Every structure is written in C-alpha cells, then in structure tokens.
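Below is one structure, written out as structure tokens; comments come after it.
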Amino acid sequence: MQPDEEQLTETFSVTLTVLRHSSPIEWAALPDSTTPEDLPQRLQDLAERGRAPGFLSDLAEIERAVALSRAHGHLLEDEVQERTPNPTIQVLTANWTGLPDCFLTDGQCPPQPSAEQETILVWLHPKGGTLQVKTASNDDLLMLKMTTEGISLQETAKAFDLRLSSLQRTEAQALRRGLLLAPEPRLQRQDHFAVDSDQSRLSAGVFTLQWHITQACDLNCKHCYDRSSRTSIDLEQARAVLDDFQRFCASKRVRGRITLSGGNPLMHPQFEAIYAEAAERGFPIGILGNPAPEERIRSIMEIQQPSFYQVSLEGLEAHNDHIRQPGHFNRVLDFLDLLQGLGLESQVMLTLTRDNMQQVLPLAEQLRGRTGTFSFNRLSPVGEGSRLLLPGTEEFTGFLYQYLEAARHNPVLGLKDNLLNIARLENGQPAFGGCTGFGCGAAFNFLALLPDGEVHACRKFPSFLGNAYQQSLESIYDSAAASTYRAGSAACRGCELLDRCGGCQAVVSGLGLDASMDRDPYCFFRNAPASGQSGGRACVSAQTWPSETESVRV
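Numbered per this note's numbering, the sequence shown spans residues 1 to 554.
Rendered as structure tokens:
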C-alpha cells in the first residue's frame with residue numbers, strides 16, 4: 001500500500017477506482033509524494049503520455065470540489081434571511097462530458113466520455129445534506145447569476161423578452177433542487193396534519209389569490225353558485241389590493257400568484273389595466289374565463305404571458321350547451337385551438353353532476369391533444385347549483401377508478417378531486433397533492449377575493465373571512481375564522497391521507513353539513529378514522545344521506 005493512499009482515497013475515491021480499473025500499473029506507480037493538491041496534474045501528465053484516460057484529471061477536479069462542498073456543509077445550518085445561492089455550491093469547467101455519471105455508478109464511468117466542454121455544479125442539498133453532482137443547465141446558471149447579482153425575475157424577463165411565469169417555474173425548480181435557498185415559508189399546517197415524517201407536506205411556499213374582479217358574465221349557467229349583485233372592483237382598489245398582496249407574500253415568505261376570474265373577468269372594463277398592474281408587480285397570472293377573440297388574447301399576451309387560460313365544459317355538446325348556452329361547446333373547442341396556436345397553456349374544468357358523470361371520459365377523448373389539462377370539481381350545491389343533482393356515492397366511487405384507468409392512457413386527464421387519492425392508494429399508486437397541492441387548501445395556500453372586497457376561504461361555498469377593502473389580507477388570513485377552515489374536518493384527523501385530502505368542504509357545506517365536523521360523505525377510505533375517534537362526525541344519518549346509487553337531491 002502506498003503511504004499516501006489513505007489520504008488520497010479519502011478525497012479521490014471515484015477517480016482512483018477508475019484508475020485502478022483502467023491503468024492498474026500506473027496506479028501502483030503513483031509516487032509516494034503524490035498529494036491531494038497535485039494529483040490532478042499528475043493524472044494530466046499520465047494522460048498526455050497515453051498512460052491514463054484523458055478525463056481522469058477533470059474527474060479529480062470534480063472530487064476536489066466535492067470535498068470543498070462537504071467542508072462548507074455546516075453553512076447549511078444557518079437560517080437564510082433572503083433568497084441566496086446554496087453556500088456549498090462549487091462551479092467548475094470540465095473538458096469531458098458525462099463525468100457526473102461516475103458518481104452514480106460506484107466509479108464505473110461512461111464507456112466513452114466525450115471530449116467536449118461543459119460546466120459542472122457540485123453542492124449539498126439542504127435537506128439531508130445529500131451530495132449533488134450535475135451538469136449545469138443554462139437555467140441553472142441563469143438562476144445563480146441572477147440571485148448572486150441581485151437581478152430580479154422581472155428585470156430579466158424584460159431584458160431578454162422571456163416569460164415571467166417560465167422564469168418563476170425555473171426559480172421554483174432551483175429551490176426544490178437546493179441550488180438556491182430561501183427563508184422558510186410561514187404558511188404552516190396545524191399540528192394535526194403531521195400524519196407522517198414528510199415535513200414538506202406541512203409548509204406551503206406558493207400562495208394563490210383567486211381574484212373575482214367582476215360578477216359580469218356573458219353566460220347564464222344552470223349550476224352557477226353566485227349570481228348576487230356585487231360592484232366590480234375599480235382600478236384604484238385593485239392597486240391597493242395588489243400592494244397589500246405583495247406585503248402579505250413578503251410577510252409570509254411565499255411566492256404569490258393570481259388567478260383572475262369573475263363572472264367573466266374579461267368583461268371588466270379595466271381588465272387590461274388590472275392585469276398590467278399585477279404583471280408589473282411580478283405576479284404570474286392565470287385567467288379563468290370564457291372564449292375571447294384572438295386580438296384580445298394577443299393584447300393580454302403583450303402585457304405578460306398568462307400562466308394558463310382556463311375555460312369550462314360541462315359534458316358533451318348537447319348537455320354542455322343545455323347547461324351553459326347554445327353553441328358554447330364548439331366555441332370552446334375553437335378557442336382551445338386558438339390558444340394552442342398562440343402557444344398559451346389551456347385548461348378545461350368540468351363541474352361534476354349526476355347527469356354528466358358518464359360524459360367525462362368521452363369528453364376527455366375529444367379534448368386529447370387539444371388542451372393541457374382536463375379535470376373536474378364535484379358540484380357545490382349552492383346558488384343555482386342547488387337545483388342539480390350530485391351522483392350517488394357508490395356510482396361516484398366506481399367512476400373514480402374508471403377515471404384513473406383512463407388517465408393512464410389519456411394524458412389530458414388531470415388529478416384534482418382529493419378523493420382520487422383513495423383510489424390511487426388502493427391501486428398501489430402514490431398519493432398526489434390533491435386539489436391545491438395540500439389537499440383542501442381553503443384558507444391555507446389559497447383565498448378567494450370577490451369584487452366587493454369580501455374574502456372567502458373558498459369561492460365554491462359561502463365561507464366569509466373578512467373584507468380586503470377594510471382589513472389587510474394578513475389579518476384576514478390570521479383570523480380565527482380562517483384558522484377554522486384551514487383545520488378542515490375534525491372527522492378526518494388521524495387519517496393518513498389528511499395532508500393530501502380532507503375531502504371537499506364545499507360539497508360538505510353545500511349538503512347542509514358542518515365542514516368543521518363532518519367528513520365528506522363521498523369518502524370511501526377503508527382506513528379512515530372511526531366515528532368518534534377525532535371528535536368529529538364521520539357518518540351522516542340515513543335521513544340526510546342516500547345509500548348505494550341513489551342520487552343526492554338538494
């Protein structure tokens with residue numbers, strides 16, 4: 001054994017493993033005086049004489065960077081106060097591609113590393129300190145440069161004519177990968193949501209304000225949950241709301257995003273002005289609206305590319321046009337084609353009832369390749385929706401399994417309803433994030449703001465929390481009323497799916513039940529907490545709730 005072997009292998013285990021396998025004679029002949037500092041040059045000399053692979057010197061430099069990253073690992077223990085690059089990051093240039101793969105295969109490098117220059121990033125992930133060795137993408141380098149130099153996403157988007165929403169997704173990915181660090185968000189679930197060891201399920205880093213700027217609408221849908229008369233927000237009020245939302249996001253340490261809705265938000269006489277004010281403040285903006293002319297969409301895109309544009313369909317053509325308006329179905333299909341041609345992400349939402357449930361999957365086939373995502377919400381039987389029927393419980397349960405099977409073959413089918421998690425679990429599939437990424441996100445990572453300033457935990461049912469024209473969003477969010485909605489149903493506590501489910505509070509409330517006490521009557525989870533365990537009401541009496549396939553009448 002060479003005298004310095006132990007010291008060298010401590011730093012260069014991968015490099016020396018490759019050298020042993022490829023050039024055992026040269027490995028044995030390494031002089032006793034070889035140190036960690038001069039090994040890369042020694043390997044370069046061997047390569048130039050054709051006695052060792054040419055990439056070994058670069059591989060040794062990467063391992064030296066690994067040692068530096070680990071030496072700085074203690075810096076990850078410090079809480080950051082602003083967005084910053086990971087302090088363990090090492091950036092180096094390699095003259096060979098594919099070398100990061102050597103750290104995934106116990107020193108078995110790719111058979112033929114290519115003699116081509118690339119940038120390598122080495123860092124420790126802040127969660128668990130796991131080593132990361134990756135080829136840097138242009139997005140990685142852009143995020144590191146912007147963060148190091150204090151350049152905002154808005155400045156970069158304008159300077160290089162990039163989509164702000166795309167930059168924000170890139171930044172979010174850099175945060176997930178641990179390239180960037182940010183202060184811990186202050187949106188934390190209550191303790192009873194901690195049903196397993198995954199702490200990431202308890203903290204939200206993104207907050208959505210669903211902003212209904214007008215009640216005006218060009219449709220007269222039979223399931224509309226609110227046709228009340230509310231004054232549309234004016235531009236000055238909108239600016240004040242946006243400034244307050246900025247303060248809220250800064251205080252809660254979250255990235256804010258806005259979805260503009262109504263009514264039909266494009267019918268607000270100052271829609272573009274409000275949209276521009278939101279864009280100026282750096283918010284990604286989605287639109288929940290109806291079909292619009294191409295010129296109107298292009299004018300919006302010139303201000304800022306929407307994150308998405310969502311429209312609604314309620315089933316196949318005859319049923320949809322009965323619910324919404326004659327000719328609406330074909331207008332939506334034409335509009336989806338328009339959005340696709342403009343490169344704008346589209347989404348389609350359906351309100352699920354007894355009468356359209358069996359049309360969902362055939363409709364999905366018509367939408368295949370025409371939209372990004374098609375998903376459904378169960379009917380909230382309030383407002384005009386109280387005249388429609390929800391499906392029976394067993395019928396709905398069977399539908400969920402059919403939906404998941406169809407989703408395996410049709411990528412347009414999205415996952416939204418929380419109860420899909422039960423079927424996924426029983427199918428041996430991992431649970432997804434549910435309705436808002438955290439199960440029911442009412443008053444947690446989501447609030448609904450109405451045109452007259454009313455703030456609700458969820459727009460689909462009356463869940464009043466305060467008025468944004470009279471109170472700050474932060475005080476409304478921190479109120480006792482909001483905390484009650486955030487807590488969800490007491491009947492769900494202790495359930496292993498709580499942090500990704502919680503049922504639908506809008507359905508529970510719309511059926512005349514108590515959303516803070518009663519479990520979603522459609523829940524069919526065999527491992528759900530038994531009645532009385534949590535203090536909540538897990539079941540509903542036969543007089544209140546139908547059995548088997550009987551439809552719900554409200």
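Built from N, CA and C at the ideal position, the CB exists for glycine as well. In this text the structure is predicted, and so the values were computed from the model without any measurement.
The beta strand (DSSP E) enclosing residue i, as first and last residue numbers
i, result
"His322", "No beta strand (DSSP E) contains His322, which is instead part of the alpha helix (DSSP H) from 317-323."
"Phe245", "First-last for Phe245: 235-252, but that is the alpha helix (DSSP H), not the beta strand (DSSP E)."
"Ser166", "Where Ser166 is concerned, there is no enclosing beta strand (DSSP E), although the alpha helix (DSSP H) it sits in stretches over 164-177."
"Leu560", "The displayed coordinates of the chain run from 1 to 554. Any statement about residue 560 would go beyond what the structure contains."
"Leu288", "285-288"
Residue i and residue j closer than 8 angstroms at C-beta
i, j, result
"Ser312", "Met349", "yes"
"Phe446", "Gln210", "yes"
"Ala67", "Thr11", "yes"
"Arg500", "Gly439", "yes"
"Val254", "Pro362", "no"
"Ser380", "Tyr225", "yes"
"Gln215", "Pro451", "yes"
"Phe207", "Gly256", "yes"
"Glu277", "Ala240", "no"
"Pro40", "Glu61", "yes"
"Gln188", "Ser203", "yes"
"Leu219", "Arg281", "no"
"Arg368", "Asn410", "yes"
"Pro265", "Gly289", "yes"
"Ser69", "Leu124", "yes"
"Thr351", "Glu317", "no"
"Gly502", "Ser489", "yes"
For residue j and residue i, the rounded distance between their alpha carbons
i, j, result
"Leu413", "Gln358", "15 angstroms"
"Glu236", "Ile258", "18 angstroms"
"Phe245", "Ala448", "12 angstroms"
"Leu497", "Leu46", "58 angstroms"
"Ala442", "Asp514", "15 angstroms"
"Tyr309", "Met301", "11 angstroms"
"Ser261", "Phe444", "19 angstroms"
"Gly556", "Phe283", "Outside the shown range of the chain (1 to 554) lies residue 556, about which nothing can therefore be said."
"Thr84", "Glu395", "51 angstroms"
"Arg459", "Glu345", "23 angstroms"
"Leu104", "Ala292", "51 angstroms"
"Gln471", "Ser229", "22 angstroms"
"Arg227", "Thr371", "29 angstroms"
"Ile476", "Thr397", "36 angstroms"
"Arg378", "Asn356", "11 angstroms"
"Arg51", "Val18", "13 angstroms"
"Ala431", "Tyr403", "15 angstroms"
"Ala174", "Asp140", "7 angstroms"
"Pro529", "Gly494", "6 angstroms"
"Lys252", "Gln81", "12 angstroms"
"Pro546", "Pro521", "Any answer about Pro546 is weak, because its pLDDT of 39 lies below 50 and its placement is not dependable; what the coordinates show is given next. When rounded, the distance between both Cα atoms is 10 angstroms."
"Leu465", "Ser479", "8 angstroms"
"Val87", "Ile285", "According to the sequence as given, residue 87 is Pro; it is not Val. Cα to Cα, Pro87 sits roughly 32 angstroms from Ile285."
"Gln429", "Thr135", "31 angstroms"
"Val195", "Gly437", "16 angstroms"
"Thr148", "Arg176", "18 angstroms"
"Glu295", "Ala159", "25 angstroms"
Enclosing alpha helix (DSSP H) for residue i [first to last residue]
i, result
"Lys134", "Lys134 -> not in any alpha helix (DSSP H); beta strand (DSSP E) instead, spanning 131-135."
"Asn138", "138-149"
"Leu124", "It is not in any alpha helix (DSSP H) - Leu124 instead sits in the beta strand (DSSP E) that spans 118-124."
"Arg42", "39-48"
"Ile89", "Neither: Ile89 is in no alpha helix (DSSP H) and is coded neither H nor E."
"Val66", "56-71"
"Thr259", "Unbroken run through Thr259 is the beta strand (DSSP E), 255-261; no alpha helix (DSSP H)."
"Phe160", "153-160"
"Glu277", "271-280"
Residue-chain proximity (residue i, chain B), Cβ-Cβ < 8 angstroms
i, result
"Leu8", "As a matter of chain content, chain B is missing from the structure shown, which is built from one protein chain."
Only counting runs of 4 or more residues, tell me where the alpha helix (DSSP H) segments fall wholly within the segment 358-428, in order along the chain.
360-367, 393-407, 420-426
Assess, as a yes-or-no matter, whether the segment 69-77 is touched by the segment 46-60 under the definition of 3 or more beta carbon pairs within less than 8 angstroms.
no
I'd like to know if the segment 147-156 and the segment 92-101 are in contact, where contact means that at least 3 CB-CB pairs between them fall below 8 angstroms.
no
Taking contact to mean at least 3 C-beta pairs separated by less than 8 angstroms, is the segment 170-181 in contact with the segment 419-427?
no
Which complete beta strand (DSSP E) runs does the segment 292-347 hold, if anything under 3 residues is left out?
308-312
If you pair each beta-carbon of the segment 378-397 with each one of the segment 334-345, do three or more pairs fall below 8 angstroms?
no
Residue ranges of each beta strand (DSSP E) run of no fewer than 3 residues wholly in the segment 197-234, ordered along the chain?
206-212
Using 8 angstroms as the Cβ pair cut-off and three pairs as the minimum, do the segment 294-305 and the segment 314-325 touch?
no
The segment 378-385 touching the segment 503-513, judged by at least three CB pairs closer than 8 angstroms:
yes
Please list the segments of the alpha helix (DSSP H) lying wholly inside the segment 426-511, counting only runs of 4 or more residues, in order along the chain.
473-477, 480-487, 505-510
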